[in-house]
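Here the structure is laid out as structure tokens; the discussion comes afterwards.
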Amino acid sequence: GTIVGDANLTIRYQKGGYIGTIEEHFISKLKKGDVFTFAGRNLEFIRIKEMQVHVRNSSKKTSKVPAWMGGRLTLSAQMSKILREELYTASQDPSKQSIEIQSLRPVFEKQRMESTVPKPNEFLIETFKTRDGYHHVFYPFEGRFVHEALGSLLSYRISLLRPISFSLAFNDYGFELLSDKEVDMEQVLDNNLFTTDYLFEDLQKSLNSTEMARRKFRDIAVISGLVFTGYPEKGVKMKHLQSSSQLLFDVFKDYEPDNLLYLQAFRETFEHQLEEGRLRMALERIARQEIVWRACKNPTPFSFPIITDRLREKLSSEKLADRIRKMTAILTR
Numbered sequence: 019g020t021i022v023g024d025a026n027l028t029i030r031y032q033k034g035g036y037i038g039t040i041e042e043h044f045i046s047k048l049k050k051g052d053v054f055t056f057a058g059r060n061l062e063f064i065r066i067k068e069m070q071v072h073v074r075n076s077s078k079k080t081s082k083v084p085a086w087m088g089g090r091l092t093l094s095a096q097m098s099k100i101l102r103e104e105l106y107t108a109s110q111d112p113s114k115q116s117i118e119i120q121s122l123r124p125v126f127e128k129q130r131m132e133s134t135v136p137k138p139n140e141f142l143i144e145t146f147k148t149r150d151g152y153h154h155v156f157y158p159f160e161g162r163f164v165h166e167a168l169g170s171l172l173s174y175r176i177s178l179l180r181p182i183s184f185s186l187a188f189n190d191y192g193f194e195l196l197s198d199k200e201v202d203m204e205q206v207l208d209n210n211l212f213t214t215d216y217l218f219e220d221l222q223k224s225l226n227s228t229e230m231a232r233r234k235f236r237d238i239a240v241i242s243g244l245v246f247t248g249y250p251e252k253g254v255k256m257k258h259l260q261s262s263s264q265l266l267f268d269v270f271k272d273y274e275p276d277n278l279l280y281l282q283a284f285r286e287t288f289e290h291q292l293e294e295g296r297l298r299m300a301l302e303r304i305a306r307q308e309i310v311w312r313a314c315k316n317p318t319p320f321s322f323p324i325i326t327d328r329l330r331e332k333l334s335s336e337k338l339a340d341r342i343r344k345m346t347a348i349l350t351r
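Count along the sequence shown starting at 1, add 18, and that's the number in the numbering used here.
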């Protein structure tokens, strides 16, 4: 019956200036040198010390977009499957389509003009260029958490082929890799970067899995009674809980790496936070599908929600609505 929850961390400049607070769920995945957008600024992650995130300003244009746990509920495996099946009816006879799919007919027609609507045996990839850079958009339709892990995995594997940095954005339908260099998609497909081989190792390298497990261990330490949360009305502060559980985690890591509670932290990180099982199933499904790559001239209707997700986090003198209106005008010419 122990209730545990994510903590909020304070973001500060290395010299001490306060910027804001962010959820541990997002920040624990970052590695030193990663850049993320927050409060209209591009910030370079330096380290987490107790319950504080130390950052500095970055001139890099590519950055990660923060995600909040309570902001959006991700699609479950069953819901993702139903969504894909519903989408695949878009290419069938109208009599076999639901009212929702029929009402979206103008969107599908525009999507076919610019790109294509994927069929059951197809996996769609779109590439196009805008003033922001080169966009590479993938549509697995597997939910936010799977796309977040898949985007990090794919960007890491591409970076092994050539030095490149990406800005990542994702929603329940797909994910986008934005860079200032064009990615040779033929090279990506020829090197079979969607393989499940070395999935665990590549995930560990693409995300800060040790730090994620260290934060997850706090919950395990509380539930197992290794740390005391305090009496009612006199609870122990979160930073004290974190430092106590972190000390235990480091002791297990150095002296008892086969400890069941220590291993459980990694297991929960990969199963719950990264949904490794679903990610593996998604990659196996993509391997069975025909990959359809479309080099588009403009952003497509399918890519719009993903692009606007990233724009929402950017500070600009233009309003988001105005930028979307401009993009829509280009699309509907």
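Where is the CB? At the ideal position from N, CA and C, for every residue including glycine.
In this text the structure is predicted, and so the values were computed from the model without any measurement.
Nearest-angstrom Cα separation, counted from residue j out to residue i
| i | j | result |
| --- | --- | --- |
| S116 | P124 | 15 Å |
| I309 | A85 | 29 Å |
| L278 | K255 | 26 Å |
| I37 | I66 | 15 Å |
| Y174 | V164 | 15 Å |
| A25 | D340 | 35 Å |
| D101 | H290 | For the record, residue 101 in the displayed sequence is Leu; it is not Asp. Between L101 and H290, the C-alpha separation is close to 22 Å. |
| S263 | T28 | 19 Å |
| A347 | I324 | 18 Å |
| M97 | G161 | 9 Å |
| E294 | G192 | 17 Å |
| Q129 | E42 | 37 Å |
| F218 | K271 | 19 Å |
| Q260 | N210 | 40 Å |
| L207 | T80 | 24 Å |
| G169 | E104 | 24 Å |
| V73 | E194 | 25 Å |
| D190 | A305 | 20 Å |
| R298 | S224 | 15 Å |
| T213 | Y31 | 39 Å |
| E132 | V245 | 57 Å |
| N316 | F146 | 6 Å |
| H153 | K234 | 34 Å |
| Q222 | T228 | 8 Å |
| Y106 | K137 | 5 Å |
| S242 | D198 | 47 Å |
| F267 | K78 | 34 Å |
| P275 | I64 | 27 Å |
| G58 | S177 | 27 Å |
| K49 | D327 | 22 Å |
| L333 | S185 | Note that L333 scores a pLDDT of 45, beneath 50, so its modelled location is shaky and nothing firm can be said. |
Helix, strand or coil at residue i [DSSP, three-state]
| i | result |
| --- | --- |
| V269 | helix |
| Y157 | coil |
| I119 | helix |
| E85 | It should be noted that the sequence gives Ala, not Glu, for residue 85. Three-state DSSP puts A85 in coil, outside helix and strand. |
| Q282 | helix |
| E68 | coil |
| F63 | strand |
| E194 | strand |
| F322 | helix |
| F212 | coil |
| V254 | coil |
| L48 | coil |
| S183 | coil |
| V125 | helix |
| S334 | Because the pLDDT of S334 is 48, which lies under 50, any placement of that residue in the model is unreliable, and the number read from its coordinates should be weighed accordingly. Three-state result, S334: coil. |
| E294 | helix |
| G302 | As written in the sequence, residue 302 is Glu, which differs from the Gly given in the question. Helix, per DSSP. |
| T80 | coil |
Beta-bridge partners of residue i, as assigned by DSSP
| i | result |
| --- | --- |
| L27 | I40 |
| E308 | E140 |
| T148 | G151 |
| N75 | L61 |
| F188 | F193 |
| A313 | T145 |
Unbroken alpha helix (DSSP H) run spanning residue i, endpoints
| i | result |
| --- | --- |
| H165 | 162 to 179 |
| A239 | 227 to 242 |
| K246 | The residue you asked about is not Lys; residue 246 is Phe in the sequence shown. Run containing F246: none; DSSP gives neither H nor E here. |
| A95 | 95 to 106 |
| S224 | 217 to 224 |
Integer-rounded CB distance, given that residue j should sit under 8 Å from residue i
| i | j | result |
| --- | --- | --- |
| Y157 | L171 | Going by Cβ atoms, the distance from Y157 to L171 rounds to 16 Å, so no, they are not a contact pair. |
| V71 | I119 | So it is not a contact: roughly 44 Å between Cβ atoms. |
| E62 | S46 | Their Cβ separation, rounded to whole angstroms, is 16 Å, which puts E62 and S46 out of contact at 8 Å. |
| V135 | E144 | That belief does not hold up - the Cβ atoms of V135 and E144 are roughly 12 Å apart, past 8 Å. |
| V53 | K82 | 7 Å |
| M69 | K257 | 4 Å |
Opening and closing residue of the beta strand (DSSP E) in which residue i lies
| i | result |
| --- | --- |
| V206 | Run containing V206: none in the beta strand (DSSP E); it sits in the alpha helix (DSSP H), 203 to 208. |
| V53 | 53 to 56 |
CB contact below 8 Å: residue i versus chain D
| i | result |
| --- | --- |
| G248 | Included in the structure is just one protein chain, with no chain D present. |
Contact test: residue i Cβ vs the ligand MG heavy atom, cutoff 7 Å
| i | result |
| --- | --- |
| F44 | Summarising the ligand content, the structure contains no ligands, and the ligand MG is consequently not present. |
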